[in-house]
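Following: one structure in structure tokens, then a few remarks.
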Amino acid sequence: MINLSNIDFSKESLFEVMVKLMVKIRDDFPEENIMKICTNKVQESLLFISETLTEIEKLEKLLFIFYKKWKFGCSVKIHKLSDMLWLDKVILSNQGNSFSLGTFLIHIASRLNLSIIPIMFPTQLIVKFKSLEEKILYIDPVNGDILNKHILQSWLKGNISPSAELHENYLQESTSSTIIQKILDMLKIALIEEQNIELALNVSNILLTLKPKDPYEIRDRGLIFSQLNCYRAALSDLLYFVEQRPEDPVSDIIKMQIHSIEQKKITFH
């Protein structure tokens with residue numbers, strides 16, 4: 123298992139780390155092919171974007187090649203959320219969500235020595251470009267659009283609450299570990315909904331290396347175990363959650379789940 127706390131993100135990009143994690147989750151993940159495609163795209167972008175350009179001009183060229191030439195974006199035709207997160211599916215289909223596309227865009231930008239950082243905005247991932255001259259631009263990684271604070275404010279009001287306000291802390295850089303955790307959380311939920319339970323368990327086990335004693339992550343693993351008919355492991359995890367979070371309203375539902383599992387366990391024995 124990869125220990126995320128030991129990863130030097132100055133040497134490995136967020137994209138490269140996510141590829142390694144997906145190899146651990148899926149036996150059929152085509153790591154070599156995906157990294158080869160990635161290398162080819164980096165080489166293509168280096169040929170397309172001259173070193174003599176200013177940083178802003180390089181950014182404009184990058185957004186053009188990424189969204190217009192390569193045609194990366196978000197498609198409503200993809201019905202499985204997991205396909206918008208698996209990096210092999212994203213690279214091969216050119217379709218993803220803000221997190222998968224943003225992760226790849228940041229990787230390409232880093233090879234061009236462009237400073238693009240991820241921001242976990244309340245509605246989605248956005249990226250921030252900062253030039254040597256301190257010019258700052260916010261970008262939607264889904265389509266490459268430049269975002270101003272009025273647009274971000276409208277996102278909050280439309281998706282969070284009509285009274286939501288844009289605070290500066292919403293625009294702070296997010297750590298690679300935070301982004302990884304969010305992507306894995308979304309992937310786990312998608313896999314459970316798609317009834318791909320064994321892969322969901324693999325994701326859950328990686329998440330538990332990030333937060334080993336988190337009651338909610340242990341609860342989720344317990345529920346996954348119960349779907350796999352691993353009743354002893356499920357009971358252990360669910361009982362841990364109830365003990366650690368007795369006041370949580372969900373605890374009553376989990377107690378009912380525990381009772382149901384105990385009955386099944388008796389039946390199977």
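Sequential numbering of the sequence shown, starting at 123, is according to the working numbering.
In this text, a Cβ means the ideal position worked out from N, Cα and C, and glycines have one as well.
- Looking at the DSSP output, Gln-349 sits in no beta bridge, so it has no partner there.
- The count of Cβ pairs closer than 8 Å, one atom from the segment 293-304 and one from the segment 136-144, reaches three, so the stretches are in contact.
- In this model, Tyr-338 and Leu-330 are separated by some 10 Å (Cα to Cα).
- Looking only at Glu-173, Lys-257, Ser-298, Glu-179, the smallest Cα-Cα distance to Gly-224 is reached by Ser-298.
- For Ile-241, the three-state secondary structure derived from DSSP is strand.
- By the 16-neighbour rule on beta-carbons within 10 angstroms, Val-249 is buried.
- In this chain, the alpha helix (DSSP H) harbouring Ile-311 covers 298-315.
- Residue state for Phe-151 is assigned as coil, using DSSP reduced to three classes.
- Of the candidates Ala-322, Asp-359, Glu-295, His-272, the residue whose Cα lies closest to the Cα of Pro-334 is Asp-359.
- Annotation for Tyr-362: Ile-340 place their beta carbon closer than 6 Å to its own, counting only its chain and skipping 5 residues before and after.
- Inter-residue distance for Ser-172 and Leu-209 is about 28 Å (C-alpha atoms, whole angstroms).
- Burial of Phe-226 is indicated by the presence of at least 16 other C-beta atoms within 10 angstroms of its C-beta.
- The Cβ atoms of Ile-147 and Ile-213 do not sit closer than 9 Å to each other.
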